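Trainee:
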Amino acid sequence: MSDHKASPTPQPRGFEAPHALLSRRVAAEGMVLLENSGVLPLSPCRVALFGNGARRTIKGGTGSGDVNERSRVTVEDGLRNAGFVVTGEAWRDRYDSVFRQRLETCREAYSHEIYLDYVPTLIEYIGENFRLPTDVPVTESDLDDSSVAIYVLARRSGEGRDRTNTPGDFLLSESERDSLALLASHYSHVIVVLNTGGVIDTAFWREISALNKNGALLLMSQAGMCAGDALCDVLIGRITPCGHLTDTWALRYEDYPASFRYVHSEKKEDAVVYGDGVYVGYRYFDAFQVACAYPFGYGLSYTSFSLTYAGIAVLGETVSVSIRVTNTGKYVGRAVAQLYLRSPASEPAQPYRQLAAFEKTELLNPGQSAVVQPRFLLRDHSRYLEQEAVYALYAGTYMLYLGQDLSSAVPCAAVRLNRTVSIRSVKKRLSPKAPVHELAAQTDTVLPVVPTIEFPADAMEQQTVSYTEPVPAFVQEAQALSDAQLYTLVTGCTASGLRRTTADCAQSIPGAGGETTSLVPGVPNIVLADGPAGIRIQQHFVIDDQGNLLPDEPLEHLEGGIFAQPQAPRADVTHYYQYCTAFPIGTLLAQTWDVELAAEIGKAISEEMRAFGIGVWLAPGMNLHRDPLCGRNFEYYSEDPLLTAKIAGSVVEGVQRCGCTGATVKHFACNNRETRRMASDSIVSERALRELYLRSFELVLRDAKPYAVMSSYNLLNGTHTANNRELCTDIARCEWGYDGLIMSDWGTTNGGNCTADGCIRAGNDLVMPGTPKDIEEIRCALENGTLPRARLCTSAARVLALVRKVSAQDDLP
Numbered sequence: 001m002s003d004h005k006a007s008p009t010p011q012p013r014g015f016e017a018p019h020a021l022l023s024r025r026v027a028a029e030g031m032v033l034l035e036n037s038g039v040l041p042l043s044p045c046r047v048a049l050f051g052n053g054a055r056r057t058i059k060g061g062t063g064s065g066d067v068n069e070r071s072r073v074t075v076e077d078g079l080r081n082a083g084f085v086v087t088g089e090a091w092r093d094r095y096d097s098v099f100r101q102r103l104e105t106c107r108e109a110y111s112h113e114i115y116l117d118y119v120p121t122l123i124e125y126i127g128e129n130f131r132l133p134t135d136v137p138v139t140e141s142d143l144d145d146s147s148v149a150i151y152v153l154a155r156r157s158g159e160g161r162d163r164t165n166t167p168g169d170f171l172l173s174e175s176e177r178d179s180l181a182l183l184a185s186h187y188s189h190v191i192v193v194l195n196t197g198g199v200i201d202t203a204f205w206r207e208i209s210a211l212n213k214n215g216a217l218l219l220m221s222q223a224g225m226c227a228g229d230a231l232c233d234v235l236i237g238r239i240t241p242c243g244h245l246t247d248t249w250a251l252r253y254e255d256y257p258a259s260f261r262y263v264h265s266e267k268k269e270d271a272v273v274y275g276d277g278v279y280v281g282y283r284y285f286d287a288f289q290v291a292c293a294y295p296f297g298y299g300l301s302y303t304s305f306s307l308t309y310a311g312i313a314v315l316g317e318t319v320s321v322s323i324r325v326t327n328t329g330k331y332v333g334r335a336v337a338q339l340y341l342r343s344p345a346s347e348p349a350q351p352y353r354q355l356a357a358f359e360k361t362e363l364l365n366p367g368q369s370a371v372v373q374p375r376f377l378l379r380d381h382s383r384y385l386e387q388e389a390v391y392a393l394y395a396g397t398y399m400l401y402l403g404q405d406l407s408s409a410v411p412c413a414a415v416r417l418n419r420t421v422s423i424r425s426v427k428k429r430l431s432p433k434a435p436v437h438e439l440a441a442q443t444d445t446v447l448p449v450v451p452t453i454e455f456p457a458d459a460m461e462q463q464t465v466s467y468t469e470p471v472p473a474f475v476q477e478a479q480a481l482s483d484a485q486l487y488t489l490v491t492g493c494t495a496s497g498l499r500r501t502t503a504d505c506a507q508s509i510p511g512a513g514g515e516t517t518s519l520v521p522g523v524p525n526i527v528l529a530d531g532p533a534g535i536r537i538q539q540h541f542v543i544d545d546q547g548n549l550l551p552d553e554p555l556e557h558l559e560g561g562i563f564a565q566p567q568a569p570r571a572d573v574t575h576y577y578q579y580c581t582a583f584p585i586g587t588l589l590a591q592t593w594d595v596e597l598a599a600e601i602g603k604a605i606s607e608e609m610r611a612f613g614i615g616v617w618l619a620p621g622m623n624l625h626r627d628p629l630c631g632r633n634f635e636y637y638s639e640d641p642l643l644t645a646k647i648a649g650s651v652v653e654g655v656q657r658c659g660c661t662g663a664t665v666k667h668f669a670c671n672n673r674e675t676r677r678m679a680s681d682s683i684v685s686e687r688a689l690r691e692l693y694l695r696s697f698e699l700v701l702r703d704a705k706p707y708a709v710m711s712s713y714n715l716l717n718g719t720h721t722a723n724n725r726e727l728c729t730d731i732a733r734c735e736w737g738y739d740g741l742i743m744s745d746w747g748t749t750n751g752g753n754c755t756a757d758g759c760i761r762a763g764n765d766l767v768m769p770g771t772p773k774d775i776e777e778i779r780c781a782l783e784n785g786t787l788p789r790a791r792l793c794t795s796a797a798r799v800l801a802l803v804r805k806v807s808a809q810d811d812l813p
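Positions 1 to 813 (UniProt numbering) are the ones given, in order, by the sequence shown.
(1) Let me know if L21 comes out buried or exposed under the rule of 16 or more other beta-carbons within 10 Å of its beta-carbon.
(2) Quick one: using the 10 Å Cβ neighbour count with 16 as the cut-off for buried, is Q656 buried or exposed?
(3) Does Q368 pass the burial test, meaning 16 or more other C-beta atoms within 10 Å, or should it be called exposed?
(4) On the DSSP letters alone, give me the boundaries of the beta strand (DSSP E) that M399 sits inside.
(5) From what residue to what residue does the alpha helix (DSSP H) around residue 831 run?
(6) Considering only the alpha carbon of each residue, which of E174, C226, P456, V684 lies closest to F204?
(7) Would you kindly work out how many angstroms separate the C-alpha atoms of T62 and R673, rounded to a whole number?
(8) Would you call residue 817 buried or exposed, if buried means 16 or more other Cβ atoms sit within 10 Å of its Cβ?
(9) Kindly confirm or deny that the segment 35-52 and the segment 132-142 touch, where touching means at least three C-beta pairs closer than 8 Å.
(10) Report yes if the C-beta distance between V806 and L741 is below 8 Å; otherwise report no.
(11) With a Cβ-Cβ cutoff of 8 Å, do S157 and G198 count as a contact?
(12) Mapping DSSP to helix, strand and coil, what is M220?
(13) Would S235 and L40 qualify as a contact pair, given that the criterion is a beta-carbon distance under 8 Å?
(14) What did DSSP end up calling S179 once you bin it into helix, strand or coil?
(15) Just grab the DSSP bridge partners of G333 for me.
(16) Should T420 and A345 be called a contact, given that it needs their Cβ atoms to be closer than 8 Å?
(17) Output yes if chain D places a C-beta closer than 8 Å to the C-beta of T246; else output no.
(18) If contacts are defined as beta-carbon pairs under 8 Å, then residue 837 and R536 qualify, I think. What distance do you get, rounded to the angstrom?
(19) Check whether the segment 419-436 touches the segment 724-737, counting contact only when three or more Cβ pairs, one atom from each stretch, lie closer than 8 Å.
(20) Smallest Cα separation from H381: which of V415, D405, P366, E359?
(21) Quick one: measure Cβ to Cβ for A529 and L618, integer angstroms, because I've assumed they're closer than 8 Å.
(22) Does the beta-carbon of A291 have 16 or more other beta-carbons within 10 angstroms, so that it is buried, or is it exposed?
(23) Hey, how far is the Cα of W91 from the Cα of D627?
(24) Going by DSSP, what residues sit across from residue 826 in a beta bridge?
(25) Take every Cβ of the segment 207-221, pair it with every Cβ of the segment 15-34, and state whether three or more of those distances are shorter than 8 Å.
(26) Looking at the structure shown, is M31 part of a helix, part of a strand, or coil, going by DSSP?
(27) Between which residues of its own chain and E726 is the CB-CB distance below 6 Å, once the five residues before and five after are set aside?
(28) Helix, strand or coil for D233? Go by DSSP, reduced to three states.
(29) Three or more C-beta pairs closer than 8 Å, one from the segment 273-289 and one from the segment 683-697: is that the case here?
(30) For T794, count neighbouring C-beta atoms within 10 Å of its own C-beta (all shown protein chains included) and say buried if the count is 16 or more, exposed if not.
(31) Measure the C-alpha to C-alpha separation of D142 and G88 and round it to an integer number of angstroms.
(32) My understanding is that A356 touches L339, with C-beta atoms under 8 Å, so please give their C-beta distance in whole angstroms.
(33) Can you tell me whether N327 is buried or exposed? The criterion is at least 16 other CB atoms within 10 Å of its CB, across all chains shown.
(34) Rounded to whole angstroms, what's the CA-CA distance from T661 to E469? Just pull it up for me.
(35) Can you check the segment 575-614 for any alpha helix (DSSP H) of at least 4 residues that lies completely inside it and give the ranges in chain order?
(36) Can you give me the start and stop residues for the alpha helix (DSSP H) that A781 sits inside?
Structural data, given as structure tokens:
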């Protein structure tokens, strides 16, 4: 084994320090201050620290979104680093004892079976992975004479299993509620820190009066390897809070329209009916006037801002709004100007308002002003008319609302379209087998008087769609290959023996997700690695004196090594190290509302990819937060497709800026459930698909042009997405013009009725991670004529194009 770029020394590499600083900065800027009675910012002082995330701080989610970093900073570490005197040691030690006992019980339950049958045991573990204890109460004996207590409430979530609306998960446990009540009755101030990957129930804040009168509530989220330091940057005011929510936080879980249609772990129904239609997240709460705990876009600051409308202009098809932002408070800070669009009232029923554009200011000193100019394409807010199969903009007034969150947004300007315009005519695709009964809201027709500008309908380009699949580059090179070379090229190269899980199948770089074949002469293989909070590869591996990679202890790298046992040292081997940066989770990154910062993250990830010889990053994830209980929401950005597209597109641009590393947007499409995910069938109307669930992918594929797209595990209206030609070819390629590669998710073709040859027929070009079964299916289909050779050559040509893009990398220290 000689192709790797791992270091033979554990010494830090050149990128590690600057990337850790970037991770810390992003983490602090994405934390959201939900409540503050004046206790924050806080000078370093004596604080009593409790909560399951105090010492066991969660940096990110589990599964393929995990990252194996060199070290991490807990909340306890961060407080001490910032100069706080931290008490409550006895409780934290007691909690640690419970944690270790339960971890060992979990380890014993899986360790024997995982040696006998690795993959099934791993899958079982993923579905029931280790959760932090939530039943260790704070008692009277734990209290001291500090005036401030900090309680860190943590939740783990991850791939393969959804969350539940139960105590200890979405709800607080009885022990947690009692502990908070006790702390609030004893300490002058209590700061509750939410170390969660998504929404949780916050009724405790409203019900424990001493908390909301004298405390603070801060959404720390899951902030990567520097989480504890970043939290303290916010607590002490080194960074003024400037994060804003990317989801609506309901008063209770049952207020989400998806709640009664969602399938949880104890149920076996596979059809998930999207009866909420286009009313997802704030679109529902806004249109149906349902009260919430914290609205979409919400976030407090230590300072205050005024937003003043300063003008509107139409430039071609782009609407640009000028906004003067002034810091009217006492602290330096940043603000986010948010614009929401209200379309003319018409049928079919529609959301009341939708995010149209946003822009974040630079740091503003007290009294300082800046003008920002968020802009948007009006065509991106066209409606899809199912019966006519047309995207249209209706004649009338498009009202713009300006604010720092949805609930505070007020009318500021309007655009008037003088006639209805057909933007694009398409063919009906991805329709459900039976109509979906969806929510519908009444629309208010009263319009306020605001400055209005005319939008010339004649200037709007009307697009036509050809459903003839574009011929890719390198198709002639593909046609010259033998049949065996073709079906080898369109399946990944699975290692035999050493890597026993479908999650880390690469031979060249231990721990990477997979690689393309090296068996076609003149075509180098490329390595693919998971994300999106960094690069998921193995921290450490060993090579013997013959150059062979030695198999490691199966539990050593699972869950960041929490199950690992010490191994006896060996003198006849060489040790190699691959430490990567653990950045904050996707949701926290989106909470920055900072597209430039997202691009910096992408650029940093590209640098680490080149440092380790990775060509394609299997991220970012782009599915919408339809329901807060989806186990994988932490990887994704928001309940809103525009915000999702803007952040994801910036990350993609950063990764691909160098031209030799590629990003993969996923999971295409409607991957909104993790429990029984390979059997889950998302039943969605064509309109909801096109206006919400596909819209974010469309915008990113159009504007950022990612090198690859990954299909999802689930079925969509009865057909596996990986085998769905209407999705992969008709929509992605013919309607959107995408010319990159589409690949399957890992193990998609292992069971059920999703096949490798079905992937190729659909235009899903690369079957991953690739197995002998996949190759045999394609070979048989080619021989019996059910898979045309031309179709196989088309997919092979796209693999060749991807390989050519990323095979020439420069070395980094």
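Glycine included, every Cβ here is placed at the ideal spot set by N, Cα and C.
What you are looking at is a predicted structure, and each value in this text was computed from that prediction instead of being measured.
Mentor: Taking the structure as given:
(1) exposed
(2) buried
(3) exposed
(4) 396-403
(5) Outside the displayed range of the chain (1 to 813) lies residue 831, so it cannot be described from this structure.
(6) E174
(7) 15 Å
(8) Lying before the first or after the last residue shown, residue 817 is absent from the chain, which here runs from 1 to 813.
(9) yes
(10) no
(11) yes
(12) coil
(13) In the sequence as presented, Ser is not what sits at residue 235; that position holds Leu. Taking 8 Å as the Cβ cut-off, L235 and L40 qualify as a contacting pair.
(14) helix
(15) L364
(16) no
(17) Of the chains in the structure shown, none is chain D; there is only one protein chain.
(18) Outside the modelled stretch of the chain, which goes from 1 to 813, sits residue 837, for which no answer is possible.
(19) yes
(20) V415
(21) 7 Å
(22) exposed
(23) 34 Å
(24) Residue 826 lies beyond the range of the chain shown here (1 to 813); nothing can be said about it.
(25) yes
(26) coil
(27) R429, L430
(28) helix
(29) yes
(30) buried
(31) 6 Å
(32) 5 Å
(33) buried
(34) 26 Å
(35) 586-591, 595-612
(36) 772-784
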